[in-house]
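Working notes for the structure below.
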Amino acid sequence: MQRLDRVLARHGLGSRREVGHLVRAGKVTVDGESERDGARRIDPLRQEIAVNGAVLPPRIQWHLLCHKPQNVVTSTSDPRDPCLLDLIPEAVWRADYSPVGRLDKDTTGLIWLTTDGELIHRLTHPRWKLPKRYRVTLRDPATPEDIRAFTTGEIVLDGEPVLPAFLDLGSDPREVGVTLREGRYHQVKRMFHARGNEVLALARVGFGPLTLGPDLPVGSFRLPSDAEERAMYAAVSLQSPDADG
Ligand code: URA
-7 MQRLDRVLAR HGLGSRREVG HLVRAGKVTV DGESERDGAR RIDPLRQEIA VNGAVLPPRI
53 QWHLLCHKPQ NVVTSTSDPR DPCLLDLIPE AVWRADYSPV GRLDKDTTGL IWLTTDGELI
113 HRLTHPRWKL PKRYRVTLRD PATPEDIRAF TTGEIVLDGE PVLPAFLDLG SDPREVGVTL
173 REGRYHQVKR MFHARGNEVL ALARVGFGPL TLGPDLPVGS FRLPSDAEER AMYAAVSLQS
233 PDADG
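Mapped onto the numbering used here, the consecutive letters of the sequence shown carry residue numbers -7 to 237.
Next comes the structure, spelled out in structure tokens:
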């Protein structure tokens, strides 16, 4: 829920003070009813706000969380393979959605889609070192020596050492957790390959501040909560234009 004057200001209708005048002058309706209190808390996703009779678009930017299954490509259209668009009903889809980062066709896991170009730019820019967490099934058990190699950044891919990565052996060293702070092509698979091992299955279970949970079964999608949206923007020092609660 957000203050009405804040929502109006975020739509570019003036400063909080200026939109306060609009509200007090009776120019604003919420769900068709005149509203003269700028501090009233409203739900901009579900309530219709109009200024001088003109309905405001409900949001400025849109986001979706998606749990990509295997054999689906991380794109919004593909001539051959099923893609993310095929998981999302037409009524929910927006042509300006882009996935942030890519997972291999055989990798499952969390994908954030957004219409916000600046957010995409920052979330994928190496400067922000956004953590990406993976659950990895390995052919051979991972070893403490692998942990050392991952954390020291001694593994070199394409002539460049990787950034230190976190390897968590847990109770089964064939089922490990890996956290990367960059996103190079086939990075997890190639890092284990460099250690003489092989990745049998890979799932992204965390992206920045978000963790894949039971509320997002494989093949499903949902809108992020306001808190998730705020956390995603905050992770790259931005403020959500919609969920500023
Ligand atoms: N690393 C990989 O090897 N593949 C992915 O899909 C993601 C990270």
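Backbone N, C-alpha and C define an ideal beta-carbon position, used for all residues, glycine too.
Here the structure is a predicted model, which means the values were calculated and not measured.
Residue i CB to nearest heavy atom of the ligand URA below 7 Å
i	result
glutamine 62	no
glutamine 179	yes
threonine 249	No answer is possible for residue 249: the residues shown for the chain start at -7 and end at 237.
threonine 99	yes
aspartate 194	According to the sequence displayed, residue 194 carries leucine and not aspartate. Yes, the beta carbon of leucine 194 sits closer than 7 Å to at least one heavy atom of the ligand URA.
leucine 95	yes
tyrosine 89	no
tyrosine 126	yes
C-alpha gap between residue i and residue j, whole angstroms
i	j	result
aspartate 150	proline 156	16 Å
glutamine 53	arginine 187	42 Å
lysine 19	leucine 76	41 Å
phenylalanine -3	arginine 176	Checking the sequence shown, residue -3 turns out to be aspartate, not phenylalanine. Straight-line Cα distance between these residues: approximately 43 Å.
proline 216	isoleucine 139	33 Å
proline 209	threonine 100	11 Å
lysine 60	arginine 28	45 Å
tyrosine 225	tyrosine 89	16 Å
valine 64	histidine 13	51 Å
valine 197	valine 168	12 Å
leucine 48	glutamate 40	7 Å
phenylalanine 158	proline 206	24 Å
proline 123	histidine 178	16 Å
With 16 other Cβ atoms within 10 Å as the buried cut-off, status of residue i
i	result
leucine 111	buried
threonine 106	buried
proline 118	exposed
aspartate 234	buried
glutamate 221	buried
glycine 109	exposed
valine 15	buried
proline 36	buried
glycine 30	buried
lysine 121	exposed
Residues that DSSP places opposite residue i in a beta bridge
i	result
isoleucine 103	Cys58
serine 26	Thr21
tyrosine 126	Val170 and Arg196
threonine 203	Gly198
proline 91	Leu105
valine 47	Ala42
isoleucine 158	According to the sequence as given, residue 158 is phenylalanine; it is not isoleucine. BP columns for phenylalanine 158 point to Thr171.
phenylalanine 213	Cys58
Beta-carbon proximity list for residue i, same chain, < 6 Å, skipping 5 on both sides
i	result
arginine 94	Thr66
aspartate 98	Gln62
threonine 21	Ala42
isoleucine 103	Cys58, Lys60 and Pro91
serine 232	Glu221, Arg222 and Tyr225
arginine 32	Leu(-4)
proline 136	none
Residues near residue i by beta carbon distance below 8 Å, same chain, minus five either side
i	result
valine 180	Tyr126, Val128, Val170, Leu172, Val191 and Leu194
proline 153	Gly145, Glu146 and Ile147
asparagine 189	Leu130, Arg131, Asp132, Ala134 and Asp138
7 Å CB neighbourhood of residue i in its chain, flanking five on each side removed
i	result
alanine 1	Ser7, Arg8 and Val11
glycine 211	His59, Pro61 and Leu79
Contact with chain C by residue i, beta-carbon distance below 8 Å
i	result
serine 90	No chain C appears in the structure shown, which is made up of a single protein chain.
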